Amino acid sequence: GDSVTQTEGPVTLSEGTSLTVNCSYETKQYPTLFWYVQYPGEGPQLLFKVPKANEKGSNRGFEATYNKEATSFHLQKASVQESDSAVYYCALGPPNSAGNKLTFGIGTRVLVRP
Amino acid sequence: EAAVTQSPRNKVAVTGGKVTLSCNQTNNHNNMYWYRQDTGHGLRLIHYSYGAGSTEKGDIPDGYKASRPSQENFSLILELATPSQTSVYFCASGRDNNQAPLFGEGTRLSVL
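Chains F and Z, in that order, are what the protein sequence lines are. For the first sequence, position 87 (counting from the first letter as 1) is numbered 87 according to this note's numbering, and the numbering increases by one without interruption. Take the position in the second sequence, starting the count at 1, then add 1000; the result is the number in this note's numbering.
Listed below in structure tokens is the structure:
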């Protein structure tokens, strides 16, 4: 079945430094890839999604490129802020499939120190 | 603004008891989902629905039932709750297959 592997947390870093959260996936299909972010006490919310290989998604300074050859979708941000402290989930969804069921990774907790 | 509302937000149940978690959306979304969130496992799909009257098994359906009596409402039912079902449960909805699911704020369930 489908699976998603991502960086184990917590990842602790200082404001102004760069962030990378690794994500790799396994699937027999040609998926759409997602990054979700979850703040304390809230549900996950979509950061961005990328439906096509070799395309990049971005939002709020975060970006990730859909690398079909490497089956990867690493999340990056050049300069983090304390408000970026959250849990980040990588996920994949089957293309053109009824229900759009997502398979999530285990989540990576990111802590940004002021 | 699109929203998914879950109730209750917190629940304490006894082993062997029946628990019903409720989810409501007024977004006119066809698809609805129930996930559980556990440390080390991330979010895992329990049941989902394509519309009123339909329910489908997700990846971890054992011990759970679902009910979709209307477009707006989707319930998760634990007939005989067990401590292993202690978790945070999230409901989500999506308009169609191309829309990323929109999540509610979660229900924290403790089974003692």
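Cβ coordinates follow ideal geometry from the N, Cα and C atoms, glycine included. Here the structure is a predicted model, which means the values were calculated and not measured.
Pair within 8 Å by beta-carbon distance, Z/I1046 and Z/I1060: Numbered from 1 along the second sequence, position 46 holds the residue referred to as residue 1046 of chain Z. Numbered from 1 along the second sequence, position 60 holds the residue referred to as residue 1060 of chain Z. The answer is yes: Cβ separation under 8 Å.
Residues sharing a beta bridge with Z/D1038, DSSP: Within the second sequence, numbered from 1, the residue matching residue 1038 of chain Z stands at position 38. Answer by DSSP bridge pairing, in chain order: Z/G1042.
CB contact flag (Z/L1112, Z/V1012, <8 Å): Walking along the second sequence from the start, residue 1112 of chain Z turns up at place 112. Walking along the second sequence from the start, residue 1012 of chain Z turns up at place 12. In contact: Z/L1112 and Z/V1012 (Cβ atoms closer than 8 Å).
Any chain F beta carbon closer than 8 Å to Z/G1106: The residue given as residue 1106 of chain Z occupies position 106 in the second sequence. Chain F places a beta carbon closer than 8 Å to that of Z/G1106, counting this residue as a contact.
Local Cβ density within 10 Å of Z/L1043, reported as buried at 16 or more and exposed below that: As a first step, residue 1043 of chain Z must be located in the second sequence, where it is residue number 43. That one is buried.
Beta-carbon separation (whole angstroms), F/R113 vs F/S18, contact threshold 8 Å: The residue given as residue 113 of chain F occupies position 113 in the first sequence. The residue given as residue 18 of chain F occupies position 18 in the first sequence. F/S18 and F/R113 do not touch by the CB rule: their CB atoms are close to 14 Å apart, not below 8 Å.
Contact with chain F by Z/Y1048, beta-carbon distance below 8 Å: If you number the second sequence from 1, residue 1048 of chain Z lands on position 48. Yes, Z/Y1048 lies at the interface with chain F (some Cβ there is under 8 Å from its Cβ).
Cβ neighbours of F/V87 in the same chain (closer than 6 Å, five flanking residues each side left out): Walking along the first sequence from the start, residue 87 of chain F turns up at place 87. Listed in chain order, the non-local C-beta contacts of F/V87 below 6 Å within the same chain comprise Q38, G107, R109, local neighbours out to five positions each way being set aside.
Integer Cβ distance of Z/F1074 from F/G43, believed to fall under 8 Å: Against the second sequence, residue 1074 of chain Z aligns to sequence position 74. Against the first sequence, residue 43 of chain F aligns to sequence position 43. At roughly 15 Å, the Cβ-Cβ gap does not stay under 8 Å, so Z/F1074 and F/G43 are not in contact.
Three-state class that DSSP yields for F/T7 in the structure shown: What you label residue 7 of chain F is simply residue 7 of the first sequence in a count that begins at 1. DSSP places F/T7 outside both helix and strand once states are collapsed to three, so it counts as coil.
Chain F contact residues for Z/Q1099, given Cβ-Cβ distances below 9 Å: Residue numbering aside, residue 1099 of chain Z sits at position 99 when the second sequence is read from its first letter. Simply N100.
Within-8 Å CB hit, F/F34 to chain Z: If you number the first sequence from 1, residue 34 of chain F lands on position 34. Yes - at least one Cβ of chain Z is within 8 Å of the one on F/F34.
Buried or exposed by the 16-neighbour rule on C-beta atoms within 10 Å, applied to Z/N1028: Taking the first residue of the second sequence as position 1, residue 1028 of chain Z is located at position 28. Residue burial annotation: Z/N1028 is exposed, with fewer than 16 other C-beta atoms found within 10 angstroms of its C-beta.
Euclidean distance between Cα positions of F/G99 and Z/N1098: One-based indexing of the first sequence puts residue 99 of chain F at position 99. One-based indexing of the second sequence puts residue 1098 of chain Z at position 98. Any reading at F/G99 needs caution, since the residue's pLDDT is 49, under 50, leaving its predicted position unreliable; the model's value is listed next. Whole-angstrom Cα-Cα distance: 9 Å.
Limits of the beta strand (DSSP E) - the one that Z/V1012 falls within: Position 12 of the second sequence, counted from the first residue, corresponds to residue 1012 of chain Z. Note, Z/V1012: beta strand (DSSP E), 1010-1013.
Z/Y1064: CB within 7 Å of a non-hydrogen atom of the ligand PLP: The ligand PLP is not among the ligands present in this structure, which contains no ligands whatsoever.
Z/S1070, DSSP secondary structure in three states: Taking the first residue of the second sequence as 1, we reach residue 1070 of chain Z at position 70. Here Z/S1070 sits in coil by DSSP.
Stretch-stretch touch, CB-based, cutoff 8 Å, three pairs: the region 23-37 of chain F with the region 74-91 of chain F: Between the region 23-37 of chain F and the region 74-91 of chain F there are three or more inter-stretch CB-CB distances shorter than 8 Å, so the stretches are counted as touching.
Where F/E42 sits in the DSSP three-state scheme: The residue you call residue 42 of chain F lines up with position 42 of the first sequence. The answer is coil: DSSP assigns F/E42 none of H, G, I, E or B.
Contacts of F/P40 in chain Z (Cβ-Cβ under 8 Å): The count along the first sequence starts at 1 and reaches residue 40 of chain F at position 40. Neighbours of F/P40 on chain Z: none; closest Cβ ~11 Å, over 8 Å.
Cutoff 8 Å: F/K49 Cβ touching any chain B Cβ: Looking at the structure shown, chain B is missing, and the protein chains on hand are F and Z.
Contact list for F/Q45 against chain Z, beta-carbon separation under 9 Å: Numbered from 1 along the first sequence, position 45 holds the residue referred to as residue 45 of chain F. Under the 9 Å cutoff, chain Z gives L1102, F1103.
Z/L1151 at chain F interface by Cβ criterion, 8 Å: For chain Z, the structure presents residues 1001 to 1112; residue 1151 of chain Z sits outside this window and is missing.
Coarse secondary structure for Z/E1105, derived from DSSP in three states: Sequence index remark: in the second sequence, residue 1105 of chain Z carries index 105 (1-based). Of the three classes helix, strand and coil, the one that applies to Z/E1105 here is coil, per DSSP.
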